[in-house]
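Residue numbers (the numbering used here): 194 to 267.
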């Protein structure tokens with residue numbers, strides 16, 4: 194999923210997507226431990242997706258914080 198697509202989601206949907214990716218990562222690591230993983234690149238892809246989602250969530254939280262600070266100063 195591209196960053197623009199993630200940004201178009203609501204924060205709740207983004208957090209749900211993050212939970213899904215954590216679950217997927219857990220399952221992939223179990224498969225890898227049992228040597229049943231067909232495509233090890235999926236772990237890297239999922240890890241990068243998690244990082245992308247966390248970055249966007251932090252941007253959203255930072256923007257909200259900056260808005261409240263700016264409103265108080267005005």
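Using N, Cα and C, we set each Cβ at its ideal position, and we do this for glycine too.
Sorted by chain position, which residues of the same chain lie with C-beta nearer than 8 Å to residue 205's C-beta, five sequence neighbours on each side aside? Result list for residue 205: empty, nothing under 8 Å.
Run of the alpha helix (DSSP H) containing residue 212, from where it starts to where it stops: Secondary structure note for residue 212: its alpha helix (DSSP H) is the uninterrupted segment 204–226.
When you compare only the Cα positions, how much space is there between residue 200 and residue 236? Approximately 23 Å, taken between the alpha carbons.
Helix, strand or coil for residue 233 per DSSP? Collapsing the DSSP output to three states places residue 233 in coil.
Express the C-alpha separation of residue 250 and residue 256 in angstroms, rounding to a whole number. Rounded to whole angstroms, residue 256 to residue 250 spans 10 Å at the Cα level.
Under 8 Å, do residue 246 and residue 210 count as touching if we go by C-beta distance? Yes, these two residues count as a Cβ contact at 8 Å.
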